[in-house]
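First residue of the sequence shown? That's 687 in my numbering, and the numbers climb one at a time after it.
Virtual Cβ for every residue (Gly too), placed ideally from N, Cα, C.
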Amino acid sequence: MELRHRALEVLCFSDPEQKAAAALDLYAQKALYSIADTAPALSVPESELPGRPARPELKHHTEVGRRSPATPEGRAILIHAIAHIEFNAINLALDAVWRFDGMPQQYYYDWLQVAAEEAKHFRLLREHLQQQHGKDYGDYPAHQGQWTMCEKTAGDITARMALVPRTMEARGLDATPQIQNKLRNTHAPDALAAVEILDIILREEVGHVAIGNHWYRWLCEKNGLDPVPLYQELATRYEAPRMRPPFNESARLAAGFTVTEMDWLKQN
């Protein structure tokens, strides 16, 4: 059994529960798999990646409904949006495993760990939707912004490490405490239950961003590149979203951002 081939197979699964369960199983069984030097051949067109269910309907982010937590419906929409982010994050991690050659074994294990933890997050949020709101994943429209950056960086692992975990996912470190505060302010039991789930997610997302930071810097050192100006160059080249305050500075520092990087973020 070969690990990167299996990661690609799981990436192609369209059923959310099947994908989540398979990602968790692959990480648990990783020691039983060999790791190939070269990426497995695609059996589907690149445009068909990742496998996704027929629902939710995907729209441009400006067309997706507002997510105010002031009402039960608003909280359901909010949790659905976060569940969609976590589902996409499974795909992002699996793509990092199958696609990129020439990395140490630990790189592939690290991204499998991320895929498994994102699968856990997705399940927690989906169960919350079902039990607290009588809704399910797919009941509301969603957008696909995260995967767009994945496509842009498909040919450049350094850009991928810079602009997916360190940019797209790091935005969650900043946004989650604000979302939690809004949920707490409603005093609704379902909202307080959601806050507890977000505590788990935030704690583990710090680790995911740290993995991105580690491998970004590893690649920079290997290639004799300065990570700070290179990040600025890559963000411009690939049209990454601009990072806007407020920043969760303690979480970002815990995830491996340097003081210099934080100063740059604040000034830009």
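Start and end residues, alpha helix (DSSP H) containing residue i
i      : result
Pro863 : Ala856 to Thr872
Phe808 : Gln791 to His819
His900 : Pro875 to Lys908
Gly831 : Gly831 to Lys838
Arg846 : Ile843 to Leu849
Leu939 : Glu935 to Ala940
Pro913 : Pro913 to Arg923
Thr946 : Val945 to Gln953
Residues that residue i bridges to, as DSSP identifies them
i      : result
Glu688 : Ser720
Ala828 : Leu744
C-alpha distance - residue i paired with residue j, whole-angstrom precision
i      : j      : result
Ala693 : Leu728 : 12 Å
Phe773 : Leu697 : 11 Å
Lys821 : Leu815 : 5 Å
Gln864 : His894 : 20 Å
Leu911 : His873 : 49 Å
Ile843 : Phe786 : 7 Å
Ala896 : Asp876 : 30 Å
Pro739 : Ile887 : 23 Å
Ala782 : Leu878 : 34 Å
Leu920 : His770 : 26 Å
Leu798 : Pro758 : 35 Å
Glu837 : Asn777 : 12 Å
Ala708 : Phe699 : 9 Å
Ala940 : Glu890 : 11 Å
Arg928 : Thr922 : 9 Å
Tyr795 : Trp950 : 31 Å
Gly737 : Leu849 : 22 Å
Cys906 : Asn871 : 43 Å
Leu780 : Tyr917 : 23 Å
Beta-carbon proximity check, residue i vs residue j, cutoff 8 Å
i      : j      : result
Pro742 : Ala828 : yes
Asp825 : His766 : yes
Arg761 : Ala880 : yes
Tyr924 : Ala856 : no
Leu811 : Ile768 : yes
Phe808 : Ala706 : yes
Gly898 : Met835 : no
Lys952 : Pro931 : yes
Met854 : Gln818 : no
Phe943 : Asp860 : no
Leu744 : Gln830 : yes
Tyr713 : Ala802 : yes
Lys868 : Pro726 : no
Arg938 : Tyr902 : no
Tyr719 : Glu695 : no
Val935 : Val914 : The question names Val, but residue 935 is Glu in the sequence shown. Going by C-beta atoms, Glu935 is not nearer than 8 Å to Val914.
Chain D contact for residue i (CB, 8 Å cutoff)
i      : result
Ala769 : In the displayed structure, chain D is absent; only one protein chain is listed.
Continuous beta strand (DSSP E) assignments of at least 3 residues falling wholly in the stretch 710-781:
none
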